[in-house]
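Enquirer: Just so you know, the protein sequences line up as chains A and B, in that order.
Numbered per the numbering used here, the first sequence spans residues 1 to 423.
Numbered per the numbering used here, the second sequence spans residues 1001 to 1423.
We put the CB at the ideal spot given by N, CA and C, even for glycine.
Note that the coordinates shown come from a computational prediction; the quantities given were computed from them, not determined experimentally.
2 protein chains.
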Amino acid sequence: MPLMTSTNAFYAQSGGVTAVINASACGLIETARQNPDKINKVYAGRNGIIGALTEDLIDTSLESTENIAALRHTPSGAFGSCRYKLKSFEENKAQYERLIAVFKAHDIGYFFYNGGGDSQDTTNKLSQLSESMGHNLRCIGIPKTVDNDLPLTDNCPGFGSVAKYVAVSIREAGFDVASMARTSTKVFVLEVMGRHAGWIAAAGGLAAEQEGESPHIILFPEVVFDQQKFLEKVDKTVKKHGFCCIVVSEGVKNPDGQFLAEAGTRDAFGHAQLGGVAPVVAEMIKAEYGYKYHWAVADYLQRAARHIASKTDVDQAYAMGKAAVELALEGKTAVMPTIVRTSNHPYQWTIGYGELKDIANVEQMLPEHYITEDGFGITAACEEYLRPLISGEDYPPYVNGLPSYVRLKNLPVEKILNTPFEV
Amino acid sequence: MPLMTSTNAFYAQSGGVTAVINASACGLIETARQNPDKINKVYAGRNGIIGALTEDLIDTSLESTENIAALRHTPSGAFGSCRYKLKSFEENKAQYERLIAVFKAHDIGYFFYNGGGDSQDTTNKLSQLSESMGHNLRCIGIPKTVDNDLPLTDNCPGFGSVAKYVAVSIREAGFDVASMARTSTKVFVLEVMGRHAGWIAAAGGLAAEQEGESPHIILFPEVVFDQQKFLEKVDKTVKKHGFCCIVVSEGVKNPDGQFLAEAGTRDAFGHAQLGGVAPVVAEMIKAEYGYKYHWAVADYLQRAARHIASKTDVDQAYAMGKAAVELALEGKTAVMPTIVRTSNHPYQWTIGYGELKDIANVEQMLPEHYITEDGFGITAACEEYLRPLISGEDYPPYVNGLPSYVRLKNLPVEKILNTPFEV
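(1) Asn47/A CB to nearest chain B CB: under 9 Å?
(2) For Leu1356/B, which option in Asn1114/B, Ala1278/B, Glu1283/B and Gly1045/B has the closest C-alpha, if you only look at C-alpha atoms?
(3) How would you list, in chain order, the residues of chain B whose beta-carbon sits under 8 Å from the beta-carbon of Arg171/A?
(4) What residue does the alpha helix (DSSP H) around Cys1382/B start on, and which one ends it?
(5) Assuming contact is defined by CB atoms lying nearer than 9 Å, are Ala1009/B and Ile1100/B in contact in what I supplied?
(6) Any C-beta of chain A sitting closer than 9 Å to the C-beta of Ser1076/B?
(7) Decide yes or no for the touch test of the stretch 1359 to 1378 of chain B against the stretch 1204 to 1224 of chain B: beta carbon pairs closer than 8 Å, at least 3 of them.
(8) Gly270/A to Glu262/A, Cα distance in whole Å?
(9) Along chain B, in chain order, which residues have C-beta atoms closer than 8 Å to that of Trp295/A?
(10) I want to verify the contact list: residues of chain B whose CB lies under 9 Å from the CB of Tyr43/A, in sequence order.
(11) Tell me which residues share the same chain as Ser404/A and place their Cβ nearer than 6 Å to its Cβ, disregarding the 5 neighbours each side in the sequence.
(12) When we look at the beta-carbon of Lys1236/B and count the other beta-carbons within 10 Å, is it buried (16 or more) or exposed?
(13) Can you tell me which of the three DSSP states His1294/B falls into?
(14) Taking 9 Å as the CB-CB cut-off, is Tyr1395/B touching chain A?
(15) What are the boundary residues of the alpha helix (DSSP H) that includes Met1180/B?
(16) What does a CB cutoff of less than 6 Å around Ser1061/B pick up in its chain, not counting 5 residues either side in sequence?
(17) Which residues in chain A sit within 7 Å of Cys1431/B, going by Cβ to Cβ distance?
(18) Looking at the strands, I want to know which residues DSSP matches up with Ile142/A.
(19) Cα-Cα, which of Asn1022/B, His1135/B and Gly1276/B is closest to Phe1079/B?
(20) Have a look at Ser24/A and Glu1250/B and give me their C-alpha separation to the nearest angstrom.
(21) Check whether the Cβ of Pro279/A lies closer than 9 Å to any Cβ atom in chain B.
(22) Where Lys1415/B and His1135/B are concerned, what is the direct C-alpha to C-alpha distance, given to the nearest angstrom?
(23) Out of curiosity, what's the CA-to-CA distance linking Asn410/A and Leu1327/B?
(24) Check distances from the C-beta atoms of the stretch 147 to 165 of chain A to those of chain B and list, in chain order, the residues that come in under 8 Å.
(25) I want to know whether the stretch 1172 to 1184 of chain B touches the stretch 1143 to 1161 of chain B - three or more CB-CB distances under 8 Å.
(26) Whole angstroms are fine: how far does the CA of Glu1288/B sit from the CA of Ser1119/B?
(27) I believe Cys1245/B touches Phe1188/B by the beta-carbon criterion, under 8 Å. Please report the beta-carbon distance rounded to the nearest angstrom.
(28) Can you check whether the C-beta of Phe1112/B is within less than 9 Å of a C-beta belonging to chain A?
(29) Find the residues of chain B that neighbour Tyr398/A, judging by a C-beta separation of less than 7 Å, and give them in chain order.
(30) For Leu1206/B, which residues in chain A fall below 9 Å Cβ to Cβ?
(31) How would you write the range of the beta strand (DSSP E) that Asp1313/B sits in, first residue to last?
(32) Per DSSP, what are the beta-bridge partners of Tyr353/A in this structure?
(33) Would you call Leu57/A buried or exposed, if buried means 16 or more other Cβ atoms sit within 10 Å of its Cβ?
(34) So the beta strand (DSSP E) Gln1013/B belongs to, where does it begin and stop?
(35) Does Arg1182/B pass the burial test, meaning 16 or more other C-beta atoms within 10 Å, or should it be called exposed?
(36) Which residue wins for smallest C-alpha separation from Val252/A, given the options His106/A, Ser14/A, Asp394/A and Ala202/A?
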């Protein structure tokens, strides 16, 4: 019974990083350190699962208590992440066998994988496989995605902070444009992430608390773009309020199913133009009405913006890392801790867990009743869901006017197999 | 001697707004309220100087103490701003006569104009004119510009907060890209404001405290773009550090003197493409080396970002508004309060003033010795100048997870002339 004694744990970060994924790492490592009788060392994969495949492990036990604590307020993936999806067991058995070989060699009895839907799928497969291969491995997924699209959990760590960034930004831009509209800019367009689901765009809607406040229009990937209806709404808004602020999701599509960003103008060589969807939308308005516009594309700034992170999000990310260890120590495998909302007024949440088989490959989309009938705004139900997720501030410490984010030493664990493996 | 008794004051905001121009308004109005024996009411121009020309004045005395205090933490121009430059006296004498007529009608003995170089010029002209027209008007300029290009003052209110936003953002994006570079994004480009001067782009350089940290390259409008040299530096950086982060000023020009943003590809109709300079630079890199990129355009978000304002900047903006009133009450006219740096270690500043005739129409450019020899970075001297300007945080209050910014009532002053005036 290898789990009766202390074994090592493996932790990896996967996919696009967030402002709070390191808070999950912090919760996990701190909790593991409180249980030395069960967990010896936490090894992290350098650049995610690739680190496991190539036996490139980071020894987190060599990091100071202070530096691990500082992960809580440091954005990005401290050990490196990767966009690397394991193939199915049938397609690439060697990958899975390699993982088990590395874990066996390094006495790893716990596997923690911090990511989105694909990562939960990998974790689930690995759990099944380790059993059939006779290596006792507790496999726990940890939710992370700015896309907020994992099922079973009320929301996903990483989303709340992007949501807060977007809502704060479009409120601030709205104040700016309102000042300028008399003689200058009348239209402002902010492009936000969300290729498939409009969760992030929806969060922009939190900024407007009264009729006439920014944003006036939200363009969701869930709603087919109706150019005429959109333009009319812009014009009406400018005429009524003097200006119009728009949040547009990068995933908005035209009636042909093309991304609007790619369906715009083409360059001299026939390539789709280089800009995003924001300039396409802005130029469309100018062509019709001549309104002066400005546009912004937040891109990585929105998901890296730890300086304006949601306290709720940070707390939940930390709690997920902690709960992952606790679930493993209870002997569970093939599960993921979840956030359970128990009350809206006041907002209260607790921690549950779900089976990975019910989580992997299921996308939680923005419900239809969260979008207003005209397709350009969020409903009261949506606001009630979103509001608590952006609540509270959790400022990082500052040195010399800038947030003080930690860079770990990330020292390697000595290789034992020392055999090459192509990834 | 009309100034011996209490007369009204006029205050207007001009040009592009900032995160802290309302802090100047706050300093001005609070100080005026402390001197009721000399200043009766502060009237603000609705939408800047246009409000004076059209006799559309806002009575700030109807705003509560709390709301005026809240201006200190509210971005944008609370009374509305405008892009409207008065013509020369010879070209449009009627405009100046109209201003004097409105000021006489409303018993206005103080003129405060909060803006950049053009506004200081207008203030200066108005001072001269009021004398020659026999209306006693103390005319004081208040510095404001994110471009940091006014002379005589060490720096300009509004700049420090944009500088902080840009430095924080490129640091956060750098952490993000470093996490992703192994399998995904290797190049990140952030486009910032600064059509003529590289002050804002330079501020990005504060984020990198050690070799290899983001940003690796800054593109200044002061340095003619050398594509080959730039591409080589990008490639070298990616090979050495795994990724490359770039801050590019919107004003960067190619050797032909064209803005790089406009010299990029053209659409099917021959129009310059819609995007900014960031996508042009990013695509250039991809075409040469195939590196995956991301880019962001901060646009208005950078100058509206009161949530991450520099405390130094907020304090100085407030102090300038206060000093403007004090200078007027001392009987001065045709002057602007200035920020005087008295020490770097520790950073200390005091308040001085300059004559508007020495300020109007003079642009303070980024000195050559602030840019490194290769043209891609900032020198230690530049850092010493910039660092204190972003120091300190001054968070606004939050309600429901969002910064609580004030909207004033902005009630009109009853018209006395009530004659139309075309602007």
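Expert: Once the coordinates are examined:
(1) Counting from 1 along the first sequence, the entry for residue 47/A is found at position 47. Closer than 9 Å to some Cβ of chain B, the Cβ of Asn47/A qualifies, so yes.
(2) Position 356 of the second sequence, counted from the first residue, corresponds to residue 1356/B. Asn1114/B is the residue among Asn1114/B, Ala1278/B, Glu1283/B and Gly1045/B whose C-alpha sits nearest the C-alpha of Leu1356/B.
(3) Along the first sequence, read from residue 1 onward, the residue named residue 171/A stands at position 171. For a Cβ distance threshold of 8 Å, residue set Leu1402, Pro1403 and Tyr1405 of chain B lies close to Arg171/A, ordered along the chain.
(4) Here residue 1382/B refers to the residue found at position 382 of the second sequence. Per DSSP, Cys1382/B belongs to the alpha helix (DSSP H) from Ala1380 to Leu1386.
(5) For this step, residue 1009/B is matched to residue 9 along the second sequence. For this step, residue 1100/B is matched to residue 100 along the second sequence. Not a contact, by the Cβ cut-off of 9 Å.
(6) By 1-based counting over the second sequence, the position of residue 1076/B is 76. Among the CB atoms of chain A, one or more fall inside 9 Å of the CB of Ser1076/B.
(7) Yes, the stretch 1359 to 1378 of chain B is in contact with the stretch 1204 to 1224 of chain B.
(8) Counted from its first residue, the first sequence places residue 270/A at position 270. Counted from its first residue, the first sequence places residue 262/A at position 262. Summary for Gly270/A: the model assigns pLDDT 48, below 50, so the residue's position carries little reliability; its value from the coordinates is reported in the next sentence. Going from the Cα of Gly270/A to the Cα of Glu262/A covers about 11 Å.
(9) On the first sequence, residue 295/A is found 295 positions in, with the first residue counted as 1. Those within 8 Å of Trp295/A in chain B are Val1297 and Asp1299.
(10) For the purposes of this step, residue 43/A is taken as the residue at position 43 of the first sequence. The premise fails here: Tyr43/A is roughly 17 Å from chain B at the closest Cβ pair, so nothing lies under 9 Å.
(11) If you number the first sequence from 1, residue 404/A lands on position 404. Here the set comprises Pro397.
(12) As a working note, residue 1236/B is residue 236 in the second sequence. With a 10 Å radius around the Cβ and a threshold of 16 neighbouring Cβ atoms, Lys1236/B comes out exposed.
(13) Residue numbering aside, residue 1294/B sits at position 294 when the second sequence is read from its first letter. Three-state DSSP puts His1294/B in a strand.
(14) Residue numbering aside, residue 1395/B sits at position 395 when the second sequence is read from its first letter. Closer than 9 Å to some Cβ of chain A, the Cβ of Tyr1395/B qualifies, so yes.
(15) The sequence position of residue 1180/B within the second sequence is 180, counting from 1. For Met1180/B, the enclosing alpha helix (DSSP H) covers residues Phe1159 to Met1180.
(16) The residue given as residue 1061/B occupies position 61 in the second sequence. For Ser1061/B, the CB contacts under 6 Å within the same chain, skipping 5 residues up- and downstream, are Lys1041 in chain order.
(17) Because chain B is modelled from 1001 through 1423, residue 1431/B falls outside the range shown and cannot be assessed.
(18) Position 142 of the first sequence holds residue 142/A. Paired residue(s): Asn114/A.
(19) Looking up residue 1079/B in the second sequence gives position 79. For the residues Asn1022/B, His1135/B and Gly1276/B, the minimum Cα distance to Phe1079/B belongs to Asn1022/B.
(20) In the first sequence, residue 24/A corresponds to position 24, counting from 1. In the second sequence, residue 1250/B corresponds to position 250, counting from 1. Roughly 37 Å separates the two Cα atoms.
(21) The residue labelled residue 279/A in the question sits at position 279 within the first sequence. For Pro279/A, the answer is yes, since a Cβ of chain B falls inside 9 Å of its Cβ.
(22) Here the question's residue 1415/B lines up with position 415 in the second sequence. Here the question's residue 1135/B lines up with position 135 in the second sequence. Spanning the two alpha carbons is a distance of roughly 19 Å.
(23) On the first sequence, position 410 is the one that residue 410/A refers to. On the second sequence, position 327 is the one that residue 1327/B refers to. Taking the straight line joining both Cα atoms gives about 57 Å.
(24) Within the stretch 147 to 165 of chain A, the qualifying residues are Lys164.
(25) Result no; under three Cβ-Cβ pairs closer than 8 Å.
(26) Taking the second sequence and counting its residues from 1, the one referred to as residue 1119/B is at position 119. Taking the second sequence and counting its residues from 1, the one referred to as residue 1288/B is at position 288. Rounded to the nearest whole angstrom, the C-alpha separation of Ser1119/B and Glu1288/B is 45 Å.
(27) On the second sequence, position 245 is the one that residue 1245/B refers to. On the second sequence, position 188 is the one that residue 1188/B refers to. 5 Å between Cβ atoms; contact.
(28) Residue mapping note: residue 1112/B aligns to position 112 of the second sequence, counting from 1. No Cβ of chain A is located within less than 9 Å of the beta carbon of Phe1112/B.
(29) Counting from 1 along the first sequence, the entry for residue 398/A is found at position 398. Under the 7 Å cutoff, chain B gives Glu1393.
(30) What you label residue 1206/B is simply residue 206 of the second sequence in a count that begins at 1. Going along chain A in sequence order, the residues near Leu1206/B (Cβ under 9 Å) are Asn400, Gly401 and Leu402.
(31) Position 313 of the second sequence, counting from 1, holds the residue named residue 1313/B. DSSP places Asp1313/B in no beta strand (DSSP E) but in the uninterrupted alpha helix (DSSP H) bounded by Lys1311 to Leu1329.
(32) Position 353 of the first sequence holds residue 353/A. Pro337/A, per the DSSP bridge assignment.
(33) Taking the first residue of the first sequence as position 1, residue 57/A is located at position 57. Burial of Leu57/A is indicated by the presence of at least 16 other C-beta atoms within 10 angstroms of its C-beta.
(34) What you label residue 1013/B is simply residue 13 of the second sequence in a count that begins at 1. Start and end: Thr1007 to Gln1013.
(35) Here residue 1182/B is taken as the residue at index 182 of the second sequence, counted from 1. With 16 or more Cβ atoms within 10 Å of its Cβ, Arg1182/B is classed as buried.
(36) Residue numbering aside, residue 252/A sits at position 252 when the first sequence is read from its first letter. It is Ala202/A.
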